[in-house]
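Quick note: the sequence shown uses this note's numbering, first residue 574, plus one each step. The C-beta atom is built at its ideal place from N, Cα and C for all residues, glycine as well.
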Amino acid sequence: MSVRVWVDGELVGGLPSVRALDHGITVGDGVFETAKVVDGKPFAIDRHNDRLDRSLHGLGLPSADRTRLQEGFDAVLAEPLEFGRLRYTVTAGEGPLGSDRSDSPLTYIVASMPVARPEAATKIVVVPWTRNERSAVAGLKTTSYAENVVALAAAKKEGGTEAIFANNRGELCEGTGSNIFVVVDGELLTPKLECGPLAGITRALTIEWSREAGIPVREKVLPIGVLDTADEVFITSSTRDVQAVSAVGDRELPAPGPVTAAAAKAFADASAAGRD
């Protein structure tokens, strides 16, 4: 199965389908979500839809039409998909060649594709650029992802699969498409949302399900230097789930360590039970 794409009510495949003056193209005025697909069903889709609306509201746009979105989901998932990614985007629609908006209907784009299951462990690389925790779009999942492209390319040059940002205050923040957790003295810690990371769906479920399993978890302001001393590190995302980190740059780590393994098991058990 190849990539399947639906735009505003029509399966389009590789055909041109988005207007040249769409504000999502000209200025990145849009938001998106990526959900894991397992056996043809998107995981935690209600949570993703809720976050999509929060991102839209953060840009000053109305809530998405969920009936419209479901039409797109059904279209791109009509063919069997054992494991993959569902990516859906809502933009401000057609607009001027600048930051002003016109009174245009929103554009809806839904796509799906198979992806490889994640490796058990991976290498991450801290990059020199920072997240702006006071940005107007901090914590929003917008289509303006150019800085992530640059950061991830830099990490891959060093053999990593994810780039990790500090924020402007020198605090641990997030990856280009993941949240980060560290284990210090047996306690599982992750940056507070006030540090500027995206409120990841997998992040929230990892916190919730780890606590249910008896694993202490705390959201905390952490210096970026904690990655030089942490006993264990892992990252979370929709298609990685809980993925152990075997190296932070040149520093090697046990992967998975005991706390990471316990958190991964808690997540796997709860998600296998069909919990959203």
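Hey, could you find the ends of the alpha helix (DSSP H) residue i is sitting in?
i: residue 645; result: 639-649
i: residue 781; result: 774-785
i: residue 599; result: 596-599
i: residue 722; result: 719-730
Hey, out of the options, whose CA is closest to residue i's CA?
i: residue 836; options: 825, 823, 795, 777; result: 777
i: residue 601; options: 691, 746, 671; result: 671
i: residue 680; options: 693, 735, 637, 761; result: 637
i: residue 686; options: 693, 712, 675, 654; result: 654
i: residue 786; options: 792, 597, 823, 838; result: 838
i: residue 720; options: 831, 821, 591, 703; result: 703
i: residue 684; options: 584, 754, 619; result: 584
i: residue 822; options: 834, 618, 603, 801; result: 801
i: residue 648; options: 731, 846, 825, 576; result: 576
i: residue 666; options: 621, 603, 695; result: 603
i: residue 735; options: 764, 813, 743; result: 813
i: residue 707; options: 845, 768, 620; result: 768
i: residue 780; options: 761, 795, 796, 794; result: 761
i: residue 650; options: 622, 608, 808, 619; result: 608
i: residue 788; options: 809, 833, 696, 794; result: 833
i: residue 809; options: 841, 794, 619, 588; result: 841
i: residue 652; options: 737, 658, 613, 623; result: 613
i: residue 676; options: 633, 691, 764; result: 633
i: residue 845; options: 588, 617, 824; result: 617
Give a yes or no on whether the C-beta atoms belonging to residue i and residue j are separated by under 8 Å.
i: residue 805; j: residue 714; result: no
i: residue 631; j: residue 710; result: yes
i: residue 646; j: residue 688; result: no
i: residue 803; j: residue 712; result: no
i: residue 896; j: residue 775; result: What is shown of the chain runs 574 to 849, which leaves residue 896 out entirely.
i: residue 752; j: residue 705; result: no
i: residue 580; j: residue 586; result: no
i: residue 664; j: residue 758; result: no
i: residue 668; j: residue 716; result: no
i: residue 770; j: residue 792; result: no
i: residue 682; j: residue 611; result: no
i: residue 635; j: residue 629; result: yes
i: residue 799; j: residue 745; result: yes
i: residue 829; j: residue 817; result: yes
i: residue 731; j: residue 698; result: yes
i: residue 796; j: residue 733; result: no
i: residue 695; j: residue 724; result: no
i: residue 662; j: residue 582; result: no
i: residue 843; j: residue 782; result: yes
i: residue 691; j: residue 659; result: no
i: residue 794; j: residue 807; result: no
Provide the residue(s) that pair with residue i in DSSP beta bridges, ordered along the chain.
i: residue 760; result: 757
i: residue 796; result: 744
i: residue 658; result: 609, 686
i: residue 603; result: 664
i: residue 615; result: 610
i: residue 710; result: Per DSSP, none; premise fails for residue 710.
i: residue 739; result: 703, 745
i: residue 715; result: 604
i: residue 652; result: DSSP, once it has assigned bridges, lists no residue as partnering residue 652.
i: residue 680; result: 664
i: residue 805; result: 756
Hey, quick one: how far does the beta strand (DSSP E) through residue i stretch, first residue to last?
i: residue 586; result: It is not in any beta strand (DSSP E) - residue 586 carries neither H nor E in the DSSP assignment.
i: residue 618; result: Taken as a continuous stretch (DSSP letters only), residue 618 belongs to no beta strand (DSSP E), being part of the alpha helix (DSSP H) at 618-631.
i: residue 694; result: 694-704
i: residue 674; result: Counting along the chain, residue 674 falls outside any beta strand (DSSP E), and DSSP gives it neither H nor E.
i: residue 580; result: 577-580
Relative to the ligand ADP, is the shortest distance from any of its heavy atoms to the C-beta of residue i smaller than 7 Å?
i: residue 652; result: For the structure depicted, the ligand ADP is absent and the ligand set is empty, with no information on it obtainable.
What residue ranges within the stretch 809-835 form continuous alpha helix (DSSP H) runs of no fewer than 4 residues, ordered along the chain? none
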